[in-house]
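Asks: One point on numbering: in my numbering, the residue at position 36 of the sequence shown is 125, and numbering is uninterrupted.
Where is the CB? At the ideal position from N, CA and C, for every residue including glycine.
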Amino acid sequence: MVAQKMDAWLKKMEKTIEQQGRVITQLTRRLEEAEAKINDTEQYSRLRIAVIPEETGEDASGKVAEVFRAMQLSPVINRTKKKKKVMTKKKDIRASHSNIYIYEDLIKGRETMLYMARQMKRFNHIKDAWSVDGRIGIKDNDDRIKYLTKISDLREFHHK
90 MVAQKMDAWL KKMEKTIEQQ GRVITQLTRR LEEAEAKIND TEQYSRLRIA VIPEETGEDA
150 SGKVAEVFRA MQLSPVINRT KKKKKVMTKK KDIRASHSNI YIYEDLIKGR ETMLYMARQM
210 KRFNHIKDAW SVDGRIGIKD NDDRIKYLTK ISDLREFHHK
């Protein structure tokens, strides 16, 4: 009698644990998706301009506006369309201002992902790694292109 009650109780607990495991798996997936959407939103319009020579009493905004005018863009770039224009014209500005670099200002997680991918390239685990529109792309050793969503996506290329 006691053994039957214990068996019934154990089966009930196993079922409860199994259900909770499924819920945890679903919640983990939803959290990863939400984090990816947040990162996409944050990454949407980030841009970094570096190595503009510093001058005493300088107006940094004025310097940036000058660079953008050279690209025939208005200095406010709070829309993706403007960011894309800047990124497509960055080679032109580089040609005329050799000491100015324009590149995507990646959020920390994506910056880390790109760094790790470039390290993998360095050790010939992959052929190439880059960022475009805040997304991290890689080309594997079989010339297949893949865009990464999380650092763990790099695992499959680690031992190749």
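Just mark Arg118 as buried or exposed, buried being the case when its beta carbon has 16 or more other beta carbons within 10 Å.
Replies: Arg118 should be labelled exposed.
Asks: Taking Lys174 as the reference, which of Asp222, Glu200 and Ile196 has the closest Cα?
Replies: Answer by Cα proximity: Asp222.
Asks: Taking the CB atoms as reference points, tell me whether Met202 and Ile234 lie closer together than 7 Å.
Replies: No, the Cβ-Cβ distance between Met202 and Ile234 is not below 7 Å.
Asks: What are the residues that DSSP puts in a beta bridge with Ala218?
Replies: For Ala218, which the question treats as bridged, DSSP gives the partners Ile227.
Asks: Give me the Cα-Cα distance between Gly151 and Ile189, rounded to the nearest whole angstrom.
Replies: Cα-Cα distance, rounded: 15 Å.
Asks: Does Asn167 pass the burial test, meaning 16 or more other C-beta atoms within 10 Å, or should it be called exposed?
Replies: Its pLDDT being 47, under 50, Asn167 is placed unreliably by the model, and the measurement read from it follows with that caveat. Result: exposed.
Asks: Could you tell me whether the stretch 239 to 247 touches the stretch 193 to 207, where touching means 3 or more Cβ pairs closer than 8 Å?
Replies: Result yes; three or more Cβ-Cβ pairs closer than 8 Å.
Asks: Asn311 to Glu122, Cα distance in whole Å?
Replies: The structure shown does not extend to residue 311, since the chain is modelled only from 90 to 249, so the question has no answer here.
Asks: Using 7 Å as the threshold, is the C-beta distance between Ile191 and Glu131 below it?
Replies: Contact flag unset, no.
Asks: Using beta-carbon positions only, say whether Ser220 and Glu193 come within less than 7 Å of one another.
Replies: For Ser220 and Glu193, yes; Cβs fall inside 7 Å.
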